[in-house]
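Asks:
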Amino acid sequence: MPKTILKVESLKVKLEKEDILENLSFEVKEGDIFTILGPNGAGKTVLLKTLLGILPHEGKIKWEKGIKIGYVPQRLPFMKDVPVSVEEFFELKKIAREKTKEILDLVGFSGNFSEKKMGDLSSGQFQRVLIGWALAGNPEVLLFDEPTTGIDIGGEETIYTLLSKLKEEKNLTILLVTHDLSVVSKFSNFVVCLNKCPICQGVPQEVLTLKKLHELYGEEIKFYGHHKH
Amino acid sequence: MNSGAEQLIFSLIAGVFIGGAAGYLGTLMLSKRMALVAGPLGHLTLPGIAIALVWGFDVSLGAFPFVVLGIIAIWLLEMRTKLPMEALTAIVFASGVAIAFLFLPIEQAETALVGDISETSFGNMLLVGVLCLALLWTVKNIYSKMTLINISEDLAKSEGIDVRKYNLIYLGAIAVIVALGVKVVGSLLTAALVAIPAATARNLSKNLFQFSLFGLILGAVSSLLGILVFKVTGLPAGPMIIIVATFFFLVSLAFKKY
């Protein structure tokens, strides 16, 4: 039985007097690929930041003692304002050059890639560098916020293949925020559906019923099969 | 009384220190999209400069408390009103200018507005040198963490960086450089002293190391050449420094790498 590495009980987050998250309780086990699914504005990113200890909250968040957490944020819009090379980006975290090369190799880059400017990278390359950056602290858990926003389908596939590989090789636990249903069903073993308060949670194939999805996204959600013309 | 040559050397040394420190800190401010903040803060120093000129003490000493007050006022108003920082800065600096002109002697308005570094004493140069070295040391120590904060506060916080603490040190550094900057280029042109060398450095640099180094060098060289041009032509040093910096910026456009 895998051990519990995170326990959340009756979590409530209020930002500027507005309730963003309410009544949220769940557990994450070691080795889980745990997804947080919900529409825009559901509080997914807020949840991730609260778990990181960045935002104030009520209720309990209990991480396993001494656990190392890596964080891959959703977007870094100001990166273009700072002329920082890939290598220097890792130096901001005091990662030595040799180790940077190793990590870049792990996320699929080689040669002189480390001299490139972060602002010049494609969205897919950028995301892989961010994953490498999070991995540089040798985390046991990775927190991911919408890892494939702004990336085309081929790039998405690369990211998720990379994540699967890393999970196997490094025995990582992954917490993933997404609004992409296919990612949840293909990739994760546990899902929390969230729209400010929890709508459902459990194994995706069991809990993601049409009724629950309507509840989560509203009645306008439709599923398209193959049509004959 | 210092001789003309000695005075020139003191002015050059003080100018190079202030220009270099401003250029270096300017690279951080440009990354944080705050390069223009030095402008309003510079204007805000006018009442302090006016008091210093009336009472006959160093303009930087007069300017410093007003910059600090200005930063605190903007910070408090931002928390209270939720108005954007730029609007608050405009309100605060316009009030500063208005108050200054109530008692700024008109014959000394030029010194207040465009600076005067031509009469730097040895003691003054020494003080400027020590302050600038302390400033450079401080900025160098916060540079990596501030860069990460500039890229993403969340990412910085997730690394356990105390963002408030570093922002406070950073604002303190801005207050010092603005107070020193008004001595060289006056309250009107302080923004240019931090913004232009940094913008030029950005055009020329391939990475963060080059960016910060070029900012420092370009700031120092612009000051040096500006003061020399003043010595040769008699044109005011403050505006000449900015014109030299602008010239470098225009040249850098031909080599733009970013």
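Chains as they are written, first to last, in my numbering: chain C, 1186 to 1414; chain U, -5 to 252. We put the CB at the ideal spot given by N, CA and C, even for glycine. A quick note: this is a predicted structure, and the numbers were derived from the prediction, not measured.
1) Please list the partners that L1237 of chain C has in chain U, where partner means a Cβ-to-Cβ separation under 7 Å.
2) Considering L1401 of chain C, what are the terminal residues of the alpha helix (DSSP H) in which it resides?
3) At what residues does the alpha helix (DSSP H) containing T39 of chain U begin and finish?
4) Quick check on S25 of chain U - is its C-beta less than 7 Å from some C-beta in chain C?
5) From the DSSP secondary-structure annotation, give me the bridge partner or partners of N1380 of chain C.
6) Classify T227 of chain U: buried if its beta carbon has 16 or more other beta carbons within 10 angstroms, exposed otherwise.
7) Pick helix, strand or coil for V124 of chain U, following the three-state DSSP scheme.
8) Residues of chain C with CB closer than 9 Å to the CB of K200 of chain U, please, in chain order.
9) When you compare only the Cα positions, how much space is there between L300 of chain U and L174 of chain U?
10) Does the beta-carbon of W1318 of chain C have 16 or more other beta-carbons within 10 angstroms, so that it is buried, or is it exposed?
11) For L1347 of chain C, which residues in the same chain have their Cβ closer than 8 Å to its Cβ, ignoring the five residues on either side in sequence?
12) So which of C:G1335, C:E1353 and C:L1327 has the shortest CA-CA distance to I1190 of chain C?
13) Which of helix, strand or coil does DSSP assign to V1292 of chain C?
14) On the three-state DSSP scale, how would you describe E1391 of chain C?
15) So, does the CB of D148 of chain U fall closer than 7 Å to a CB anywhere in chain C?
16) Can you pull out the residues from the stretch 1206 to 1236 of chain C whose beta carbon lies closer than 8 Å to at least one beta carbon of chain U?
17) At 4 residues or longer, and completely inside the stretch 1282 to 1357 of chain C: list those alpha helix (DSSP H) runs for me, N to C.
18) If the cut is a Cβ gap below 7 Å, which residues of chain C does R196 of chain U touch?
19) Residues of chain U with CB closer than 9 Å to the CB of F1263 of chain C, please, in chain order.
20) Would you say F205 of chain U reaches chain C, if we count a Cβ-Cβ gap shorter than 7 Å as a contact?
21) Which residue's Cα is closest to the Cα of P1324 of chain C: C:E1215, C:K1301 and C:G1228?
22) Pick from U:K177, U:L55, U:I145 and U:I65: whose alpha carbon is nearest that of L1261 of chain C?
23) Using a 10 Å radius around the Cβ and a threshold of 16 neighbouring Cβ atoms, would you call R196 of chain U buried or exposed?
24) Quick check on F243 of chain U: does DSSP put it in helix, strand or coil?
25) Along the chain, where does the alpha helix (DSSP H) containing I190 of chain U start, and where does it finish?
26) Distance check for P59 of chain U and G90 of chain U, CA to CA, integer angstroms please.
27) With H, G and I counted as helix, E and B as strand and the rest as coil, what does DSSP make of G9 of chain U?
28) Between the C-alpha atoms of K1413 of chain C and I1221 of chain C, what's the straight-line distance to the nearest angstrom?
29) Tell me which residues of the stretch 1272 to 1296 of chain C have at least one Cβ-Cβ distance to chain U shorter than 9 Å, keeping chain order.
30) Run through chain C and tell me which residues come within less than 8 Å of S54 of chain U, C-beta to C-beta.
31) Would I1288 of chain C and L1320 of chain C be called neighbours here (beta carbons separated by less than 7 Å)?
32) In terms of residues, what are the limits of the alpha helix (DSSP H) holding T1230 of chain C?
33) Looking at the structure shown, is G1244 of chain C part of a helix, part of a strand, or coil, going by DSSP?
34) Regarding P1258 of chain C and the ligand MN, is the C-beta to nearest heavy atom distance less than 6 Å?
35) Is it the case that the Cβ atoms of V1231 of chain C and I1252 of chain C are separated by a distance below 7 Å?
36) Shorter than 7 Å from the beta carbon of P1258 of chain C to some beta carbon of chain U?
Replies: Well, looking at it:
1) Under the 7 Å cutoff, chain U gives S152.
2) Judged by DSSP secondary structure, L1401 of chain C falls within the alpha helix (DSSP H) whose first and last residues are L1395 to Y1402.
3) In the DSSP assignment, T39 of chain U falls outside any alpha helix (DSSP H), carrying neither H nor E.
4) At a cut-off of 7 Å, the C-beta of S25 of chain U has a neighbouring C-beta in chain C.
5) The bridge partners DSSP lists for N1380 of chain C are C:C1382.
6) Note on T227 of chain U: under 16 other CB atoms within 10 angstroms of its CB, so exposed under the neighbour-count rule.
7) Three-state result, V124 of chain U: helix.
8) Those within 9 Å of K200 of chain U in chain C are P1268, S1270, E1300 and K1302.
9) Here chain U has residues from -5 to 252 only, and residue 300 of chain U is not among them.
10) Residue environment: W1318 of chain C is assigned as buried (16 or more neighbouring CB atoms within 10 Å of its CB, all protein chains considered).
11) For L1347 of chain C, where only same-chain residues beyond five positions count, the Cβ hits under 8 Å are V1292, G1293, R1313 and I1316.
12) For the residues C:G1335, C:E1353 and C:L1327, the minimum Cα distance to I1190 of chain C belongs to C:L1327.
13) Note: V1292 of chain C maps to coil in three-state DSSP.
14) It is helical.
15) Taking Cβ atoms only, chain C reaches closer than 7 Å to D148 of chain U, which makes this a yes.
16) Legend: CB atoms of the stretch 1206 to 1236 of chain C lying less than 8 Å from CB atoms of chain U belong to residues K1234.
17) Runs found: 1282 to 1291, 1308 to 1320 and 1338 to 1355.
18) Neighbourhood of R196 of chain U in chain C, by CB distance below 7 Å: P1268, in chain order.
19) In chain order: S25, K26, R27, N144, I145 and S146.
20) So yes, F205 of chain U belongs to the interface.
21) Answer by Cα proximity: C:E1215.
22) Distance from the Cα of L1261 of chain C is smallest, within the candidate group U:K177, U:L55, U:I145 and U:I65, for U:I145.
23) With 16 or more other Cβ atoms within 10 Å, it is buried.
24) Correct three-state label for F243 of chain U: helix.
25) Per DSSP, I190 of chain U belongs to the alpha helix (DSSP H) from V157 to L198.
26) Whole-angstrom Cα-Cα distance: 12 Å.
27) Of the three classes helix, strand and coil, the one that applies to G9 of chain U here is helix, per DSSP.
28) Any reading at K1413 of chain C must be qualified, since the residue scores a pLDDT of 45, below 50, and its modelled position is unreliable; the value itself is stated next. For K1413 of chain C and I1221 of chain C, the distance between alpha carbons rounds to 35 Å.
29) Going along the stretch 1272 to 1296 of chain C in chain order, one finds E1272, E1273, F1274, E1276, L1277, K1278 and K1279 with a Cβ nearer than 9 Å to chain U.
30) The contacting residues do not exist; S54 of chain U stays about 30 Å from chain C at best.
31) In this structure, L1320 of chain C lies closer than 7 Å to I1288 of chain C by Cβ.
32) Note, T1230 of chain C: alpha helix (DSSP H), K1229 to L1236.
33) Looking at G1244 of chain C - three-state DSSP - the assignment turns out to be strand.
34) No copy of the ligand MN appears in this structure; indeed no ligand is present at all.
35) No; because the gap between Cβ atoms is not below 7 Å, this pair is not in contact.
36) At least one chain U Cβ lies under 7 Å of P1258 of chain C.
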